[in-house]
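Quick note on the numbering used here: the sequence shown kicks off at 116 and runs consecutively. Cβ atoms here follow ideal geometry from the backbone N, Cα and C, with glycine treated the same way. As the structure is a prediction and not an experimental result, all values here were calculated from the model.
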Amino acid sequence: MANCVVLGMQWGDEGKGKIVDLFTPSFDIVARSQGGHNAGHTVYVNGKKIVLHLIPSGILHADKLCLIGNGVVFDPRAFLKEIAELRELGVDVGENIAVSKNAHLILPYHSAWEKVCEGRMGNRKIGTTMRGIGPAYMDKMARCGIRVGDLLNESILKEKVELNVAEKNIFLAHFGAPLIDPEKTFDEYAKYASEIAKYIKDVSIILNERIKAGQSVLFEGAQGALLDIDHGTYPFVTTSNSTIGGVCTGLGVSPDKIDAVIGIAKAYTTRVGGGAFPTEIHDERSQYIREKGKEFGATTGRPRRCGWFDAVAISYACRLNGLSSIALTKSDVLDGVDEILICVSYKYKGTVLKDFPTESWVLDKVEPQYEVHRGWGVSVTQNTEFQTLPREFKDYVSRIEDLIETQISIVSTGVERRETIFRDSMLDGIIDLEKVRAEIA
């Protein structure tokens with residue numbers, strides 16, 4: 116089968132975990148390219164909720180190799196905790212996972228630094244998870260970061276920890292924050308080294324050798340296109356490239372190794388934290404969607420802001436990522452909504468905008484221009500074929516396809532694996548639907 120990328124098309128939380136889990140039987144390898152344990156990929160298996168933060172969602176399939184790429188910022192404590200939780204659930208974790216030696220480490224001073232920065236920003240704060248993701252990427256770009264491979268050389272690790280802690284403590288002391296103990300930090304990470312040494316590999320070599328041997332790869336993105344550090348709603352973004360380019364740089368594979376890109380988008384829109392959100396709903400319908408869709412952060416538990424489907428933003432995300440098709444998720448959440456809105460353009464200072472503006476001061480002031488669509492009034496969860504869905508729902512899907520100029524190949528009608536409708540012809544040559552359906556059954 117083709118090598119396929121799964122990416123979020125909104126501000127994250129689109130349901131990538133479920134789609135990656137569904138697709139995994141069709142692939143040999145699942146590889147994560149960017150982000151950190153700020154991501155929360157939720158999968159439901161036989162009624163059991165499993166939340167993965169750092170380890171690829173493919174880990175729930177024992178015969179698949181899961182890879183964490185160099186573009187990920189890696190917290191050893193979070194990694195070991197996640198392995199322990201998976202083993203408690205009966206999931207096998209051993210030789211089926213590898214971590215790039217070139218991934219950068221998250222250390223205690225990164226989260227301490229982030230708390231100081233966020234605390235000082237007041238109303239301008241980004242709304243991060245406070246897990247040290249951004250500061251770890253800052254150190255990477257400043258060329259003073261510590262990489263996973265450094266754990267394997269005790270003297271190098273000690274030298275780098277001492278140097279970094281000394282520098283970060285100057286910053287922390289200036290703002291009256293607790294200081295980091297360099298000895299304690301070194302001892303903690305030296306201990307992690309002994310526990311995770313067996314997982315540390317050259318992921319780029321593994322990937323390219325396996326692809327050359329004919330194995331197929333499912334590339335798993337984190338966050339979403341509108342959170343991309345370069346192309347997202349800056350500065351209210353993540354600190355990595357969550358669009359298609361991040362897959363190549365974050366795993367050490369060339370673009371010609373990618374055959375298909377599936378975008379994931381909800382049938383509505385959500386956002387966590389600060390930043391412009393043109394289609395945000397400010398009445399009781401927002402609370403209805405939040406409660407029915409369980410729109411609370413998988414990582415932090417924070418309530419998500421809810422809004423209508425934004426075709427302007429999704430068109431922009433489709434253009435950036437060169438999509439093969441889209442998986443539309445959480446359609447069932449809108450079952451009880453009488454009138455459903457789709458944003459088809461923006462208005463800014465009297466001018467209609469068809470293209471997504473990347474300037475924060477523009478996006479913050481745009482007025483969404485809506486089409487109103489009739490709700491379908493019945494549950495879509497029991498449907499197994501696209502043809503049997505309510506006419507109003509099919510009209511909604513068709514209108515979205517027209518607006519974003521991209522086909523919708525998958526409709527998710529619930530949290531379980533079986534609550535998924537595949538439009539087979541759109542997925543030919545991308546995934547092996549026979550294997551996928553056999554796993555679901």
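Backbone secondary structure at residue i - three-state DSSP
| i | result |
| --- | --- |
| T384 | strand |
| A553 | helix |
| D539 | helix |
| V427 | helix |
| Q502 | helix |
| C363 | helix |
| H225 | helix |
| I183 | strand |
| G132 | helix |
| T139 | helix |
| C259 | coil |
| F351 | coil |
| K275 | helix |
| H219 | strand |
| V318 | helix |
| I373 | coil |
| V512 | helix |
| A213 | strand |
| L333 | strand |
| P393 | coil |
| E203 | helix |
| G378 | strand |
| G123 | strand |
| I457 | strand |
| M176 | The displayed chain sequence assigns His, not Met, to residue 176. Coil, per DSSP. |
| T300 | helix |
| S494 | coil |
| V69 | Because the chain in this structure spans residues 116 to 556, residue 69 falls outside the shown range and cannot be described. |
| R239 | helix |
Cβ-Cβ distance between residue i and residue j below 8 Å
| i | j | result |
| --- | --- | --- |
| S439 | I377 | yes |
| Q569 | V187 | Summary: the structure shown does not reach residue 569, with the chain confined to residues 116 through 556, and so no result is reported for it. |
| K283 | W228 | yes |
| H168 | T139 | no |
| G367 | V318 | yes |
| A380 | I545 | no |
| L272 | F301 | yes |
| V231 | L287 | yes |
| L449 | Y349 | no |
| V145 | C181 | yes |
| G130 | S527 | yes |
| L322 | A391 | no |
Cβ neighbours of residue i in the same chain (closer than 6 Å, five flanking residues each side left out)
| i | result |
| --- | --- |
| K316 | A213 |
| H219 | V188, A251, K255, G260 and R262 |
| T353 | Q338 and L342 |
| T415 | T244 |
| I165 | V158 |
| S524 | S440, R538, M541 and L542 |
Heavy atom of the ligand ADP within 7 Å of residue i beta-carbon
| i | result |
| --- | --- |
| K163 | The ligand ADP is not part of this structure, which contains no ligands at all. |
Below-8 Å beta-carbon distance, residue i vs any chain C residue
| i | result |
| --- | --- |
| G388 | Although the question refers to chain C, the structure presented lacks it and comprises just one protein chain. |
Same chain only: Cβ atoms within 7 Å of residue i, ignoring 5 sequence neighbours per side
| i | result |
| --- | --- |
| I561 | Because the chain spans 116 through 556 in this model, residue 561 falls outside it and cannot be assessed. |
| V206 | I174 and L175 |
| R405 | P418, R419 and C421 |
Own chain partners of residue i with C-beta closer than 8 Å, once the 5 adjacent residues on each side are dropped
| i | result |
| --- | --- |
| D279 | The sequence as given places Asn at residue 279; Asp does not occur at that position. Excluding positions up to five away in sequence, the list reads L222, Y224, D254, C259 and I261. |
| K179 | T139, F142, D143, I144, V145, G173 and N211 |
Q: Could you pull out every unbroken alpha helix (DSSP H) segment of at least 4 residues lying fully inside the region 397–451, listed in chain order?
A: 399–407 and 426–436
Q: Would you check if the region 483–496 and the region 445–456 touch, i.e. whether three or more CB-CB distances between them fall below 8 Å?
A: yes
Q. If we count Cβ pairs, one from each stretch, closer than 8 Å, do we get three or more for the region 291–309 versus the region 430–447?
A. Here the region 291–309 does not lie against the region 430–447, with fewer than 3 beta-carbon pairs under 8 Å apart.
Q: Flag this pair as touching only if the region 462–480 and the region 497–511 have three or more C-beta atom pairs under 8 Å; answer yes or no.
A: no
Q: Determine, using beta-carbon pairs with one atom in the region 278–297 and one in the region 195–206, whether at least three such pairs fall under 8 Å.
A: no
Q.
For the structure I just gave you, are there three or more beta carbon pairs, one from the region 456–465 and one from the region 535–550, closer than 8 Å?
A. no
Q) Fully enclosed by the region 142–169, which beta strand (DSSP E) runs are 3 residues long or longer? A) 144–147, 156–160 and 163–167
Q.
Count Cβ pairs between the region 460–467 and the region 479–488 that sit closer than 8 Å; are there 3 or more?
A. yes
Q.
I'd like to know if the region 332–344 and the region 124–134 are in contact, where contact means that at least 3 CB-CB pairs between them fall below 8 Å.
A. yes
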